[in-house]
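A.B. asks: To start, I am sharing the structure in question, which I have written as structure tokens.
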Amino acid sequence: MTAPMRLAPGGRMWNFSAGPAVMPLEVLEQLRTDLLDLAGTGIGILEHSHRQPTYDRLLAQTMDSCRKLGSIPDDYEILMLPGGATLQFAQIALNMLPDGATADYPDTDVWSSKAIIEARDAVKANISVIFEGKKFKYDHVPTDGEMTPTPGAAYLHYCSNNTVRGTRYPTPPKAAPGVPLVSDASSEIFGRPIDWRAHALVYAAAQKNCGVAAMTIVIVRRDVIARPVRNLHSMMSYEAHSKAESRLNTPPTFAIHTAGLMFKWMLKEGGPAEFARRNAAKAQLLYSVIDSSGGFYTGLSRKECRADINVSFHLPTPELDHQFASEAAAEGLDGLAGHKDAGGIRASMYNALPIEGAQALAQFMREFARTRG
Ligand code: PMP
0 MTAPMRLAPG GRMWNFSAGP AVMPLEVLEQ LRTDLLDLAG TGIGILEHSH
50 RQPTYDRLLA QTMDSCRKLG SIPDDYEILM LPGGATLQFA QIALNMLPDG
100 ATADYPDTDV WSSKAIIEAR DAVKANISVI FEGKKFKYDH VPTDGEMTPT
150 PGAAYLHYCS NNTVRGTRYP TPPKAAPGVP LVSDASSEIF GRPIDWRAHA
200 LVYAAAQKNC GVAAMTIVIV RRDVIARPVR NLHSMMSYEA HSKAESRLNT
250 PPTFAIHTAG LMFKWMLKEG GPAEFARRNA AKAQLLYSVI DSSGGFYTGL
300 SRKECRADIN VSFHLPTPEL DHQFASEAAA EGLDGLAGHK DAGGIRASMY
350 NALPIEGAQA LAQFMREFAR TRG
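All residue numbers for the sequence shown refer to numbering that gives the first Met the number 0, where the first residue is 0 and numbers rise by one.
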């Protein structure tokens, strides 16, 4: 194999994986230290009990940094729950959607489709699909005019950033009057500011902007927790998790600690508004190569709702897609093969990917188009 030519700091690959995903070198180095000795205790993070003062402090600091980072109002509670975002697809309906009631679900790509299926399986309620993105090959998220939200719905669930084909809502969708939003922000949380007042609940799997897989951050208005719509097994109940302060059972302590380090890092770097600026600049580099490639690269999403974080496109043939991803990897640019449902190429550029990574990829794209176009 020829040596990679475009290495990231620390002699590492530029990582464009959709998740688990790139993390800042300084956070990884801190974790290496904490594996052996957390905060001078002589015991590593993997070995600490979740019922001891060291973990009490760690959890309090993690929650505090999360609240500061997201500017999360006091009437919203932060839960750090086991299970991926996929578990939330059912858990949200179980906690918030009474039997016989309606919830609105625009279907905008793989993850919102899965949320619809899981919610339907979980409760005897009406999961109303108010936008069918499949008809458009999921190339855009709906404008408000393309949906008819249900008056009196329990909530409107949407996926704010669609990880697979790289679409995102420029602004949150408009639910019927008085109906709260529930957002799957897995692939963009803390990548841009959130309008909390419009939302009853925002959730995100941690393995993209916040560290380790199988832990999910659920930020939920306290009145929703206080008014569960049915009796639930404790592990499915927000109320039970809230009463137990996110340690109803042995929590994913390593993932929670890592999220805490990621929150502190994101705070230090300037928070969601700064990351929105950086992510737009990174995305612009790639979209401008796509738009000026004379049709060699074709984006999967309409321009008005292109995601900054996941840039998805294809080349003239699947063979060229494959060549592109493997030659890029040989040069130090990894994780570019598209999701199996969409094919093509996907560059995921989470908060931890520096602009130099996007520059290296843009340069590779230009050269590849010049030599194969
Ligand atoms: N929602 C979105 C938007 C995602 O991108 C993903 C994972 N890629 C999920 C949900 C599912 O997350 P998990 O695998 O943690 O269940």
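No residue lacks a Cβ here, since even glycine has one placed at the ideal position from N, Cα and C.
With a Cβ-Cβ cutoff of 8 Å, do P148 and I129 count as a contact?
C.D. replies: Here the question's residue 148 lines up with position 149 in the sequence shown. Here the question's residue 129 lines up with position 130 in the sequence shown. Yes.
A.B. asks: Excluding sequence positions up to five away, which residues of its chain have a Cβ less than 7 Å from the Cβ of A359?
C.D. replies: Within the sequence shown, numbered from 1, the residue matching residue 359 stands at position 360. So the list reads R5, W13 and L332, once near-sequence residues are dropped.
A.B. asks: Could you have a look at E326 and say whether DSSP puts it in helix, strand or coil?
C.D. replies: By 1-based counting over the sequence shown, the position of residue 326 is 327. E326: helix per DSSP, three-state reduction.
A.B. asks: Just how far apart, CA to CA, sit S64 and M265?
C.D. replies: One-based indexing of the sequence shown puts residue 64 at position 65. One-based indexing of the sequence shown puts residue 265 at position 266. Going from the Cα of S64 to the Cα of M265 covers about 9 Å.
A.B. asks: Return yes when at least one heavy atom of ligand 1 lies under 7 Å from the C-beta of A204, else no.
C.D. replies: Counted from its first residue, the sequence shown places residue 204 at position 205. Yes; taking the cut-off as 7 Å, the Cβ of A204 has a heavy atom of ligand 1 nearer than that.
A.B. asks: In whole angstroms, give me the CA-to-CA distance for E25 and V310.
C.D. replies: Within the sequence shown, the letter at position 26 stands for residue 25. Within the sequence shown, the letter at position 311 stands for residue 310. Approximately 26 Å between the Cα atoms of the pair.
A.B. asks: Count the other CB atoms, across all protein chains shown, that sit within 10 Å of the CB of H232; report buried if there are 16 or more and exposed otherwise.
C.D. replies: Counting from 1 along the sequence shown, the entry for residue 232 is found at position 233. Exposed.
A.B. asks: Is there at least one non-hydrogen atom of ligand 1 closer than 7 Å to the beta-carbon of W110?
C.D. replies: The sequence position of residue 110 within the sequence shown is 111, counting from 1. At least one heavy atom of ligand 1 is nearer than 7 Å to the Cβ of W110, so yes.
A.B. asks: Between the C-alpha atoms of N161 and D108, what's the straight-line distance to the nearest angstrom?
C.D. replies: The residue labelled residue 161 in the question sits at position 162 within the sequence shown. The residue labelled residue 108 in the question sits at position 109 within the sequence shown. So the alpha carbons of these two residues sit roughly 6 Å apart.
A.B. asks: With DSSP as the reference, identify every bridge partner of D183, one or two as the case may be.
C.D. replies: Counting from 1 along the sequence shown, the entry for residue 183 is found at position 184. C158 and Y202.
A.B. asks: So, is L45 buried or exposed, given that buried needs 16 or more other C-beta atoms within 10 angstroms?
C.D. replies: Taking the first residue of the sequence shown as 1, we reach residue 45 at position 46. Exposed is the call here.
A.B. asks: Buried or exposed, going by whether 16 or more other CB atoms sit within 10 Å of the CB of F363?
C.D. replies: Residue mapping note: residue 363 aligns to position 364 of the sequence shown, counting from 1. With 16 or more Cβ atoms within 10 Å of its Cβ, F363 is classed as buried.
A.B. asks: Evaluate M0 with the Cβ neighbour count: other Cβ atoms within 10 Å of its Cβ, from every protein chain shown; 16 or more gives buried, anything less gives exposed.
C.D. replies: The residue labelled residue 0 in the question sits at position 1 within the sequence shown. Residue placement at M0 is poorly supported in this model, since its pLDDT is 46, which falls under 50; the coordinates still yield a value, given next. M0 is exposed by the Cβ-count criterion.
A.B. asks: For Q87, which residues of its own chain have a beta-carbon under 7 Å away from its beta-carbon, when the five flanking residues on both sides are left out?
C.D. replies: One-based indexing of the sequence shown puts residue 87 at position 88. Once the five neighbours on either side are set aside, the close Cβ partners of Q87 are Y202, T215 and V217.
A.B. asks: How is G298 classed by DSSP in three states: helix, strand or coil?
C.D. replies: The sequence position of residue 298 within the sequence shown is 299, counting from 1. G298: strand per DSSP, three-state reduction.
A.B. asks: I'd like to confirm the pairing. Which residues does DSSP put opposite I308 in its beta bridges?
C.D. replies: Your numbering for residue 308 matches position 309 in the sequence shown. I308 is not bridged to any residue.
A.B. asks: Can you give, in chain order, each stretch of the beta strand (DSSP E) that sits fully within the region 45 to 133 and has at least 3 residues?
C.D. replies: With a minimum length of 3 residues, the continuous beta strand (DSSP E) runs that stay inside the region 45 to 133 are 75 to 81, 101 to 106 and 125 to 131.
A.B. asks: Grouping DSSP H, G and I as helix and E and B as strand, with all else coil, what is I406?
C.D. replies: Lying before the first or after the last residue shown, residue 406 is absent from the chain, which here runs from 0 to 372.
A.B. asks: In whole angstroms, what separates the C-alpha of A368 from that of A243?
C.D. replies: If you number the sequence shown from 1, residue 368 lands on position 369. If you number the sequence shown from 1, residue 243 lands on position 244. So the alpha carbons of these two residues sit roughly 55 Å apart.
A.B. asks: Could you say which of A357, D98 and F262 lies nearest to L335 if we only look at CA atoms?
C.D. replies: In the sequence shown, the residue the question calls residue 335 occupies position 336. It is A357 whose Cα lies nearest to the Cα of L335.
A.B. asks: Closer than 7 Å: is that where the CB of A17 sits relative to any heavy atom of ligand 1?
C.D. replies: Locating residue 17 in the sequence shown gives position 18, where the first residue counts as 1. Result yes, Cβ under 7 Å from ligand 1.
A.B. asks: For M0, name the three-state secondary structure that DSSP assigns.
C.D. replies: By one-based count along the sequence shown, residue 0 stands at place 1. Below a pLDDT of 50, predicted positions are generally treated as unreliable, and M0, at 46, falls in that range; no measurement from the model is reported.
A.B. asks: If A153 sits next to M95, beta carbons under 8 Å apart, how far is it from one beta carbon to the other, in whole angstroms?
C.D. replies: Counting from 1 along the sequence shown, the entry for residue 153 is found at position 154. Counting from 1 along the sequence shown, the entry for residue 95 is found at position 96. Sure, about 6 Å apart at Cβ, within 8 Å.
A.B. asks: Closer than 7 Å to a non-hydrogen atom of ligand 1 - does that hold for the CB of D183?
C.D. replies: Indexing the sequence shown from 1 puts residue 183 at position 184. D183: yes, Cβ under 7 Å from ligand 1.
A.B. asks: Consider the C-beta atom of C158 and the heavy atoms of ligand 1; say whether any pair is separated by less than 7 Å.
C.D. replies: The count along the sequence shown starts at 1 and reaches residue 158 at position 159. Because some heavy atom of ligand 1 lies under 7 Å away, the Cβ of C158 counts as near it: yes.
A.B. asks: Tell me the rounded alpha-carbon separation between Y104 and L299.
C.D. replies: On the sequence shown, position 105 is the one that residue 104 refers to. On the sequence shown, position 300 is the one that residue 299 refers to. Whole-angstrom Cα-Cα distance: 22 Å.
A.B. asks: What residues match up with D333 in a beta bridge as DSSP calls it?
C.D. replies: Residue mapping note: residue 333 aligns to position 334 of the sequence shown, counting from 1. According to DSSP, D333 bridges with N14.
A.B. asks: As an exercise, report each continuous beta strand (DSSP E) stretch of at least 3 residues that is fully enclosed by the region 210 to 272, in chain order.
C.D. replies: Runs found: 214 to 220.
A.B. asks: Taking the alpha helix (DSSP H) that R31 falls in, what are its first and last residues?
C.D. replies: Position 32 of the sequence shown, counting from 1, holds the residue named residue 31. Unbroken alpha helix (DSSP H) run through R31: L24 to L35.
A.B. asks: Pull up the CB-CB distance for D138 and R167, whole angstroms please, since I reckon it's below 8 Å.
C.D. replies: In the sequence shown, residue 138 corresponds to position 139, counting from 1. In the sequence shown, residue 167 corresponds to position 168, counting from 1. Incorrect: roughly 13 Å between the Cβ atoms, too far for contact.
A.B. asks: Would you please state the rounded distance, in angstroms, between the beta carbons of G210 and P271? I believe it to be under 8 Å.
C.D. replies: Position 211 of the sequence shown, counted from the start, is the residue given in the question as residue 210. Position 272 of the sequence shown, counted from the start, is the residue given in the question as residue 271. Their Cβ separation, rounded to whole angstroms, is 16 Å, which puts G210 and P271 out of contact at 8 Å.
A.B. asks: Using a Cβ-Cβ cut-off of 6 Å (strictly less than) and excluding sequence neighbours within five positions of I77, which residues of its own chain qualify?
C.D. replies: On the sequence shown, position 78 is the one that residue 77 refers to. M62, C65 and I218.
A.B. asks: Are three or more beta carbon pairs between the region 234 to 243 and the region 32 to 49 nearer than 8 Å?
C.D. replies: Segments in contact, no.
A.B. asks: Counting pairs of Cβ atoms below 8 Å between the region 248 to 262 and the region 116 to 126, do you hit three or more?
C.D. replies: Result no; under three Cβ-Cβ pairs closer than 8 Å.
A.B. asks: In chain order, what residues of the same chain have a beta carbon less than 8 Å from the beta carbon of A84, not counting five sequence neighbours either side?
C.D. replies: One-based indexing of the sequence shown puts residue 84 at position 85. W110, D183, S185, Y202, A203, A204 and T215, listed in sequence order.
A.B. asks: Output needed for D194: all residues of its chain with C-beta closer than 7 Å, excluding positions within five of it in sequence on either side, in chain order.
C.D. replies: Taking the sequence shown and counting its residues from 1, one reaches residue 194 at position 195. Counting only Cβ-Cβ distances below 7 Å, and skipping sequence neighbours, we find P171.
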